[in-house]
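Protein chains in written order, with the numbering used here: chain D, 1 to 192; chain S, 1001 to 1192; chain C, 2001 to 2192; chain Z, 3001 to 3192. Presented below is the structure to which this report refers.
Number of protein chains: 4
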Amino acid sequence: MATFDVVLEGAAHILETKGLHGFNTNAVARQAGVSIGSLYQYFPSKEALLVELIRRKRTALIEKMQDASSRLEASDLRTIADGLVRAGIAHWVERPELARSLEYAETTLDLGPETEALKRQIVVVVAKALAPHGVENPETAARDLAALTRGMADSSGPFGKADVSQLEQRVRRAVYGYLGISDSNPLTSVRR
Amino acid sequence: MATFDVVLEGAAHILETKGLHGFNTNAVARQAGVSIGSLYQYFPSKEALLVELIRRKRTALIEKMQDASSRLEASDLRTIADGLVRAGIAHWVERPELARSLEYAETTLDLGPETEALKRQIVVVVAKALAPHGVENPETAARDLAALTRGMADSSGPFGKADVSQLEQRVRRAVYGYLGISDSNPLTSVRR
Amino acid sequence: MATFDVVLEGAAHILETKGLHGFNTNAVARQAGVSIGSLYQYFPSKEALLVELIRRKRTALIEKMQDASSRLEASDLRTIADGLVRAGIAHWVERPELARSLEYAETTLDLGPETEALKRQIVVVVAKALAPHGVENPETAARDLAALTRGMADSSGPFGKADVSQLEQRVRRAVYGYLGISDSNPLTSVRR
Amino acid sequence: MATFDVVLEGAAHILETKGLHGFNTNAVARQAGVSIGSLYQYFPSKEALLVELIRRKRTALIEKMQDASSRLEASDLRTIADGLVRAGIAHWVERPELARSLEYAETTLDLGPETEALKRQIVVVVAKALAPHGVENPETAARDLAALTRGMADSSGPFGKADVSQLEQRVRRAVYGYLGISDSNPLTSVRR
DNA sequence: AATGAATGAGTGTTCATTCAT
DNA sequence: TATGAATGAACACTCATTCAT
């Protein structure tokens, strides 16, 4: 792995284990097994590390969403929703501590316009998948569904495989409700 | 206002405007219009400020939830859900930047057992309101609904009054879906 | 006990238990059960506390030495030496931690001329007791004997009654040697 | 000289001239002509500086004592005592202000077990030199003689060469007395 | 490229002292 | 007289960044 990536992975590891609080360039360099000088040859500043990590995370999410939505283009809304939820949860469940720190870092950081654009692009991709099925305000819906998924995933602690599939089911219920899709698996056991 | 509260409000203000990144004791003292020595007469450390802010935020949320749930005790699940959602959103919409920083700070901080307990208590209060209406796993449901609400509120940017009521409606849809309550106001205009 | 003395005893206690390192006016006031304001009504500064403690310690030593030397005025050198040693050791063995801190504090402090004079007076008192018995350079001898006694007492750790009398005997041997008094209780069992 | 030693010498200089009272890391760095950051690259804390100075002082004393005692192994007790006294005084007369501060610092500091051991080793070395000549309780004797020497040296103010040799002679008298060696140079001119 | 010693502005915290009540 | 809240200079220590090798 090239130095660039070694450093970036070191940064990710520190964020994951120590959070933003323990994130400093010396720690990152040490973790990456690289000198502090080398770190600065690839990244002009501490912030640049965060920006790059955010950029990658966003790009990966866009790809996942794009994938799901092109694969399911022809399907009905429920199937599309299922796919997006699955992709979204897969995303947030992978290195959740890292994700959390990056999410928080975004709020303070000055990401470049290019990285800002990625955020909008996620929304656009999801909105495009929802729009053809009569969802009103598809951009708002996209943002809401992403937020809802991220919120639930983030609050659900450390995961096993079974946990993830249960989480998925719960998120699906909320998403169906949001989108007005009637659910065949209601949570409350209502007498009919 | 007593010095204790002045300092705490200074801390809240800094978190709100500068985030955890700009949160340092000198800045807090300056913002509060108080000397650094005075700050340390009331708070033994920088962390203690965060802990107290978190404690207050949690206590306030518990009260709101408790209020809503006792006021609506006799009502049906939908009405209770509406009340909880309204209270939850009211909570997250108030000083959202502050809330975000505190949420993140929690992950690194060593809150005392007393403050930890508050987190569980929120879940318990909500779960108690849901349980009598046939909601399975009421604690998980409580956690999920809180997370979903917080996630959506957090992602919805700065708010006007109208925005809040729209947000509330969108959250309600997701919550109804999660709880298996059929919605009379579907988002998608589906032909029936 | 008057406030003045209460504070002073608080200061002594802190020095004894925490050393100069932990000696601060707030700690002293707390230990004395007095407000910091009251402390400053009796002592103009932190240093003033130390100076007064030193003054008292010196005065007490002078008195002990004076006592011994007037009581033994008519005796021979050995008896006088015994008395001075006994008094000196009694002095250093009482609150030795306190004594150690005060001794060190002296080196940095600007004691007033009056307190400086006390130091010389101790030497003078002892020298006066030694001079009539043919001791050369009685002032140097006085200083040496005091230093030797203090050194040995200080290095001999925490004391029981038996320890003190053993210490006394050992110091006496050194003092006899210094003064050229032949010892009837030699340490080494030399075959002659 | 490497930075490590430069800093250490700066620390020694400050202790010597300002005492523990004026001993702060910024002053040390300034004195050493080094940035505060550099100081902390070599010493993890202010205390570490003191510990290292103490360690070095003790090691040097052990060496001196070891030297003297191996050189004089075959000699009689008086010659050995002379050697140890000379070495001891040479030690305490060199930078006495520094020595005084380090001695006091010891009482508050948490020296590591390794550095604690050095203190015992000094006693052991001296005791080993004394034991073969019929000195009872050689460890106590070693401690006493060290204390007596240090006490007298410390109280004897600033030194010229002549002063040192006079001091040596006076200490020797006390030591002879302590060890039960008859002195050929008595201080008191007793008629025989 | 890579290194890592060096820098120093910045931050958390302490504590002697003051002064209004 | 007594109180103790308030002050802020001073100090311990960190960490982003540079630069000579």
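Cβ atoms here follow ideal geometry from the backbone N, Cα and C, with glycine treated the same way.
- The Cβ of T1017 of chain S sits no closer than 8 Å to any Cβ of chain D.
- Within chain D, the residues placing a beta-carbon under 7 Å from that of T1107 of chain S are G19 and R100, ordered along the chain.
- The beta-carbon of R1120 of chain S is placed no less than 8 Å from the nearest beta-carbon of chain D.
- Here E1106 of chain S is near I1054 of chain S, since their CB atoms are less than 8 Å apart.
- In the DSSP annotation of this structure, the continuous segment of the alpha helix (DSSP H) that includes V2007 of chain C starts and ends at T2003 to K2018.
- By the Cβ-count criterion, G3019 of chain Z is buried, with 16 or more other Cβ atoms from all chains shown falling within 10 Å of its own Cβ.
- Taking 8 Å as the upper bound on Cβ-Cβ separation, chain Z lies near no residue of the region 2043-2075 of chain C.
- Proximity of chain D to G1151 of chain S at the Cβ level (cut-off 8 Å) is accounted for by A147, L148, T149, R150, G151, M152 and D154, in chain order.
- Annotation: Cβ neighbours of A174 of chain D in chain S (cutoff 8 Å, chain order): D1144, L1148, A1174, V1175, G1177 and Y1178.
- Counting every other CB atom within 10 Å of its CB across the protein chains shown gives R3172 of chain Z a total of 16 or more, marking it as buried.
- Cβ neighbours of A1011 of chain S within its own chain (closer than 7 Å, five residues either side excluded): V1028, L1049 and L1053.
- At a Cβ-Cβ threshold of 8 Å, K2057 of chain C and A2099 of chain C count as neighbours.
- Counting along the chain, the unbroken alpha helix (DSSP H) around A2090 of chain C starts and ends at L2077 to V2093.
- In this structure K2064 of chain C touches A2090 of chain C by the C-beta definition: roughly 7 Å separates them, less than 8 Å.
- In the same chain as V3135 of chain Z, and ignoring 5 residues on each side of it, the C-beta atoms closer than 7 Å to its own belong to A3141 and L3179, in chain order.
- In this structure the region 146-155 of chain D lies against the region 1151-1161 of chain S, because at least three pairs of beta carbons, one per stretch, are closer than 8 Å.
- With respect to the C-alpha of Y3104 of chain Z, the residue from Z:T3025, Z:V3051 and Z:K3161 having the closest C-alpha is Z:V3051.
- If you check the CB distance, G3177 of chain Z and G2177 of chain C come in under 8 Å.
- Here DSSP, grouped into helix, strand and coil, assigns A74 of chain D to coil.
- Cα atoms of V1006 of chain S and Q1121 of chain S: separation of roughly 28 Å, rounded to the nearest angstrom.
- Residue state for L3109 of chain Z is assigned as coil, using DSSP reduced to three classes.
- Residue nearest to V1126 of chain S within the set S:T1115, S:W1092, S:Q1066 and S:E1016 is S:Q1066 (criterion: CA-CA distance).
- At least 8 Å separates the beta-carbon of V2175 of chain C from that of V2093 of chain C.
- L3008 of chain Z has its alpha-carbon roughly 9 Å from the corresponding atom of F3043 of chain Z.
- Annotation: R78 of chain D has no Cβ neighbours in chain S at a cutoff of 9 Å; minimum Cβ distance is about 11 Å.
- Boundaries of the alpha helix (DSSP H) harbouring P2138 of chain C: P2138 to D2154, taken from the DSSP string.
- Our two residues, Q3169 of chain Z and L2118 of chain C, have alpha carbons roughly 28 Å apart in a direct line.
- G2033 of chain C sits in coil when the DSSP states are folded into three classes, being neither helix nor strand.
- From the beta-carbon of Y40 of chain D, no residue of chain S is found nearer than 7 Å; the closest lies around 20 Å away.
- Around the beta carbon of I1080 of chain S, 16 or more other beta carbons lie within 10 angstroms, which makes this residue buried.
- Between the alpha carbons of L2145 of chain C and V2123 of chain C lies a gap of roughly 10 Å.
- Here DSSP, grouped into helix, strand and coil, assigns P96 of chain D to helix.
- DSSP places I1181 of chain S in the coil class of the three-state scheme, outside both helix and strand.
- For E3139 of chain Z, same chain residues with a beta-carbon under 6 Å away, outside a window of 5 residues either side, are V3123 and A3127 in chain order.
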